[in-house]
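Asker: Supplied in structure tokens, the structure appears directly below.
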Amino acid sequence: MATYLITGVSRGIGYGLLSNLSSNPDNTVIGLARNQVATKEKVARELGARSNVHILQADMSDYNSILRAAQETEKITGGRLDYIIANAGVASPAEGFANIGELAKDPKVFNEAFAYTMSTNVIGNVYLFTSLMPLVLKGKAKKIIAISSASADIELQRKYDLELSPTYSASKAALNAIVAKFSAQYAKDGVLAMSICPGMVATQALECETDEQRQKFEGFLQNLKRYAPHFTGPKTIESAAKDLLAVIEKSSVENGDGGSL
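Each step along the sequence shown adds one to the number in my numbering, with nothing skipped, and position 140 is 341.
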């Protein structure tokens, strides 16, 4: 029996992970979502009455809600937690498909976009990991996983001119650094803290609303194909969830995976 906490389970990869893991009745799966009611209804409608699924309310930009979710998790699990999968993440609506030059023309817009992504993607995860660490230290698996992005890979941006989503990229790079700090502190206690990029997944984040956005996204894809000529398009949510879980299971402190992307 394993215990999992996954953030951002209302849709996308988070929901895919929750669906996959809760299909095993021996697992206890706790999902965090901003809209608890709607997410509970979706789970009941699509997955049925899975008694091993617990949906808690939490906003990753709200410290108190994260703390409350950690306290509820402790009650549900009896004081231990095997896995944290920090999937929740945001990109600023103002950023859209803009590059750094376009976004920074308006300091107010840029500052708000940067604060928005950093608050949820970085600071929220610091509080999440810290509040749940006492439970992780008592768990068996002791794995803290952050869902990151190729947009956080500096060499990839530099070599293949991936200019879109600047504040999102910066926030994910900062998240990777934070994960490495948790690894540096807790690896000696057997805790694996690492980041994983799931690859491009068919989620709402890829939906273009205008011709200009579609043109920019197509340029982004063409640059990606310089890196991976075999790339044919986004993978399904179900496939991404399986791939992520396979990497999570085979990774360990002993293998030198701590703090890695």
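From the three backbone atoms N, C-alpha and C, an ideal C-beta is built for every residue, glycine too. From a predicted model like this one, the values you see are computed outputs, not experimental measurements.
Decide if Asn236 is buried, meaning its Cβ has at least 16 other Cβ atoms within 10 Å, or exposed.
Answerer: Working through the sequence shown from its first residue, we reach residue 236 at position 35. Result: exposed.
Asker: Spatial neighbours of Leu233 within its chain, please: CB distance less than 6 Å, with the 5 preceding and 5 following residues excluded, ordered by chain position.
Answerer: In the sequence shown, the residue the question calls residue 233 occupies position 32. Correct list, in chain order: Thr208, Leu257, Ala259 and Ala270.
Asker: Note down, in chain order, each residue of its chain lying with its Cβ closer than 8 Å to the Cβ of Asn424, except the 5 sequence neighbours on either side.
Answerer: Residue mapping note: residue 424 aligns to position 223 of the sequence shown, counting from 1. Within the same chain, Asn424 has close Cβ partners Tyr361, Asp362 and Leu363.
Asker: In this structure, does DSSP put Pro232 in helix, strand or coil?
Answerer: Against the sequence shown, residue 232 aligns to sequence position 31. Reading off the sequence shown, one finds Gly at residue 232, where the question assumed Pro. Gly232: strand per DSSP, three-state reduction.
Asker: I need the straight-line Cα distance from Gly280 to Thr331, nearest angstrom please.
Answerer: Position 79 of the sequence shown holds residue 280. Position 130 of the sequence shown holds residue 331. Between Gly280 and Thr331, the C-alpha separation is close to 15 Å.
Asker: Where does the unbroken beta strand (DSSP E) through Leu222 begin, and where does it stop?
Answerer: As a working note, residue 222 is residue 21 in the sequence shown. Segment Gly213 to Ser223 is the alpha helix (DSSP H) holding Leu222; no beta strand (DSSP E) there.
Asker: Taking the beta carbon of Asp458 as the centre, do at least 16 other beta carbons fall within 10 Å, making it buried, or is it exposed?
Answerer: The count along the sequence shown starts at 1 and reaches residue 458 at position 257. With 16 or more other Cβ atoms within 10 Å, it is buried.
Asker: Tell me which residues share the same chain as Lys373 and place their Cβ nearer than 7 Å to its Cβ, disregarding the 5 neighbours each side in the sequence.
Answerer: Working through the sequence shown from its first residue, we reach residue 373 at position 172. Within the same chain, Lys373 has close Cβ partners Asn322, Ser349, Ser350, Ser352 and Ala353.
Asker: Decide if the stretch 309-323 is in contact with the stretch 291-299; the criterion is three or more beta carbon pairs, one per stretch, under 8 Å apart.
Answerer: Contact between the stretch 309-323 and the stretch 291-299 is present, because at least three Cβ pairs lie under 8 Å.
Asker: Which residue spans inside the stretch 312-383 form an unbroken beta strand (DSSP E) run of at least 3?
Answerer: Runs found: 344-348.
Asker: Can you tell me the Cβ-Cβ gap for Asp283 and Tyr205, rounded? I've got them flagged as a contact below 8 Å.
Answerer: On the sequence shown, residue 283 is found 82 positions in, with the first residue counted as 1. On the sequence shown, residue 205 is found 4 positions in, with the first residue counted as 1. So it is a contact: roughly 7 Å between Cβ atoms.
Asker: Here's the rule: buried if 16 or more other CB atoms are within 10 angstroms of the residue's CB, otherwise exposed. What is Ala287?
Answerer: Within the sequence shown, the letter at position 86 stands for residue 287. Answer is buried; the Cβ neighbour count reaches 16.
Asker: Apart from the five residues just before and just after Asn228, which ones in its own chain have a Cβ nearer than 8 Å to its Cβ?
Answerer: Indexing the sequence shown from 1 puts residue 228 at position 27. Cβ neighbours of Asn228 beyond the five flanking positions: Met202, Ala203, Thr204, Tyr205, Leu222 and Asn253.
Asker: In this structure, what does DSSP give as the bridge partners for Ser396?
Answerer: Locating residue 396 in the sequence shown gives position 195, where the first residue counts as 1. According to DSSP, Ser396 bridges with Ala347.
Asker: Among Ile345, Val402 and Lys344, which residue has its Cα nearest to the Cα of Tyr216?
Answerer: Locating residue 216 in the sequence shown gives position 15, counting from the first residue. The shortest Cα separation from Tyr216 among Ile345, Val402 and Lys344 belongs to Val402.
Asker: Go ahead and label Thr433 buried or exposed: buried means 16 or more other beta carbons lie within 10 angstroms of its beta carbon, across all protein chains shown.
Answerer: In the sequence shown, residue 433 corresponds to position 232, counting from 1. Answer is exposed; the Cβ neighbour count stays below 16.
Asker: Counting only the same chain and skipping the five closest in sequence on each side, list residues whose C-beta sits under 7 Å from that of Phe418.
Answerer: Taking the first residue of the sequence shown as position 1, residue 418 is located at position 217. Phe298 and Cys409, listed in sequence order.
Asker: Would you kindly check if the distance between the Cβ of Pro367 and the Cβ of Asn326 is under 9 Å?
Answerer: In the sequence shown, the residue the question calls residue 326 occupies position 125. In the sequence shown, the residue the question calls residue 367 occupies position 166. No. Outside cutoff.
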